[in-house]
Amino acid sequence: MAVGLRGVAFGDRFDWDLTFSHARYSLTVDQPRFLANRINEYFMGPETGLLDPYFGAYPVVSFDIDRYFSPLAPDTYRSLTTIVKTDADAEVSQGTFVLSGDLFDLPAGPVGMAAVIEAARQSYDLDNDPRIAPNYDGPDPIYNLTGTGGGGERDRYALGVEFSLPIFSTLKANLAGRYDKYDDVTNVNGAFTWSVGLEYRPVDSLLLRGSHATSFRAPDMHYVFAEESGFFITVLDEYRCRRDGLDPTTTNGGCGSNTPYTYSVFATRQGSKELEEEKGESSTIGVVWDITDGMSVSLDAYRIKLEGAVSDIAPAYLMREEAACLLGSDRAGAPVDPNSASCAFFTGLVDRLGVDQINDDEIDTYLSYPFNQSMLETSGVDARFRYRLDTDRLGQFNFLAGWTHVLKMEEQEFPGDEIRNLRDHMQFFNFRSRASWEVNWEIDDWQFNVNGYRWGSLPNWAETHRIAPYIIWNARFEKKITEKASLGLSVNNLFDKLHPNDDTFDSYPFFWRAYSPIGREVFATFAYRFR
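Per the numbering used here, the sequence shown starts with residue 43, numbered consecutively.
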């Protein structure tokens, strides 16, 4: 819901706009799930004794194979299941006042100004069934399911102003400043950010532009207020793999699936109230050239640097770094200081069983939570091409193409750590280039569209070479059959292209999660407009 007023002030020189809005989202989920005790009793049967305590005092049960391989009757299924309920609510209320207009005139034109005042409150509450909490010890635990709860509120206030300055007839500047203040339980307080931009047009068809800006961002609320949740995940225990003289990067003779070094572990995650704000700065410089009335090209270079970006630690990265800290060297043999701040962090997240008659220092559980990274920096180029062709007999054509290329991407996890090259290192799965294209053709009552995109190569899972790029084509046509009705046909993934082949990714779903598992899709549409 939003209500507002608008009007003019100071002799009609300024426009003002006052808006109040409120949004609420409520969600209720009911899931049928097995009860752990009942499902175990049904299939496993009662305990008939214990193994020798020397071997861990594991219970001996009478496993019912007939039940395991037989369908469940409806009454039996109902006796083994329950309904797990989750309720969630989120709200945001905001008031905004905007004042805009021309302050005064310069020889090159009027000086424009826009000012804004904002106040907002956000809150959410995620209430899970208590039986799926990781620490639940009641009589009816849910089989193989945990969940995440959480809730909190945050107030935010902001004041900003922007100016448009026509310095010369060919040169214009934009200046802006903003102050944001957050009020919540985190270490985030307030910050001033600013930006400056220049636009220079030596001739009507050519525009040169550049900008520099600072940024400030508070962590997402569920990064802060998430309660403890649990999940099961398959990990490669790199410490034990390397300890035993094996190579964690090879699947044959290494530590991949179907070896004692790759297994399922239980992990927990929770939010952190110690998070701080993310700060950054960005710079761009570029050119736009209108070659003809219907053709233009643009080229922009960018650089973005973030400090304190919030991220969850990746399990594979955690296993890699924990192994390096415990063994005193990384995969390449370079020395690692086990007493460093980063090593204290990584080893403190993993809990191992130790060594005894049964266990060989396997991972029992590990803890994951969000943290502020020390630094992330990236730079690259963006290029765009547009061309419109109008013909008398063949209709109108529109051609569009875009290309983005990452020139540098570097990261530093903790202060004092080495700066890592994320762009080219085989350990990191980042697309270094992306391209897209589109052709539209309109003639009489027909519209045709062909579009596609290309994602650059990625390292293979074994980190030995790079796999092929990912290219997808789509198509669509539409026929206007009356003034108000039209028919259409769309085909996504026109050539039924699947993910690039990676023989080293030997576990389900056998491809990196960035790729879509969906092949060709065909949609038929009918649209009718009543006005």
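Glycine included, each C-beta is placed from N, C-alpha and C at the ideal position.
Because the structure is a prediction, the values reported are computed rather than measured.
Under the three-state reduction of DSSP output, residue 170 falls in the strand class. The beta-carbon separation of residue 155 and residue 205, rounded to 5 Å, stays under the 8 Å limit for a contact.
Annotation for residue 193: the continuous beta strand (DSSP E) segment containing it runs 192-208. By the Cβ-count criterion, residue 214 is buried, with 16 or more other Cβ atoms from all chains shown falling within 10 Å of its own Cβ.
DSSP places residue 84 in the uninterrupted alpha helix (DSSP H) bounded by 78-86. The three-state reading of DSSP puts residue 357 in helix, counting H, G and I together. As the crow flies, the alpha-carbon of residue 218 is around 38 Å from that of residue 481. Shown here, residue 211 sits in coil according to DSSP, grouped into three states, outside any helix or strand. By the C-beta density criterion, residue 447 is exposed, having fewer than 16 other C-beta atoms within 10 angstroms. Less than 8 Å divides the Cβ of residue 468 from the Cβ of residue 505. Look at residue 460 here: in three-state DSSP terms it is coil, with no helix or strand label.
DSSP places residue 284 in the uninterrupted alpha helix (DSSP H) bounded by 280-285. Relative to residue 262, the option among 112, 227, 287, 53 whose CA is nearest is 227. Where residue 299 is concerned, there is no enclosing alpha helix (DSSP H), because DSSP gives it neither an H nor an E.
Membership of residue 390 in the alpha helix (DSSP H) is indicated by the continuous run 383-391.
With contact defined as three or more Cβ pairs closer than 8 Å, the stretch 235-255 and the stretch 305-324 are in contact. Cβ neighbours of residue 310 within its own chain (closer than 6 Å, five residues either side excluded): 176, 270, 272, 409.
In this structure residue 276 does not touch residue 243 by the C-beta definition: roughly 57 Å separates them, more than the 8 Å allowed. By the Cβ rule, the stretch 156-170 counts as touching the stretch 193-200, because three or more pairs are nearer than 8 Å. Counting the other CB atoms within 10 Å of its CB gives residue 384 a total of 16 or more, which places it among the buried residues. Bridge partners of residue 243 according to DSSP: none are assigned.
Bridge partners of residue 483 according to DSSP: 439, 490.
Residue 164 is bridged by DSSP to 134, 196. Put simply, the backbone Cα of residue 461 is about 32 Å away from that of residue 329. Residue 182 is not a Cβ neighbour of residue 125, given a cutoff of 8 Å. In the three-state DSSP reduction, residue 118 falls in the helix class (H, G or I). At the C-beta level, residue 123 and residue 187 stay beyond 8 Å of one another.
In this structure, the alpha-carbon of residue 494 lies about 11 Å from that of residue 512. In this structure, DSSP gives residue 238 an extended state, which the three-state scheme calls strand. Residue 90 and residue 502 have their C-alpha atoms spaced approximately 49 Å apart.
Burial of residue 364 is indicated by the presence of at least 16 other C-beta atoms within 10 angstroms of its C-beta. Between the alpha carbons of residue 483 and residue 52 lies a distance of about 49 Å. For residue 230, there is no enclosing alpha helix (DSSP H), as DSSP gives it neither H nor E.
Of the candidates 519, 536, 534, 519 places its Cα closest to the Cα of residue 528. Its chain contains 144, 145, 146, 208 as the residues whose beta carbon lies nearer than 8 Å to that of residue 152, once the 5 sequence neighbours on both sides are disregarded; these appear in chain order.
The count of Cβ pairs closer than 8 Å, one atom from the stretch 363-380 and one from the stretch 246-259, stays below three, leaving the stretches out of contact.
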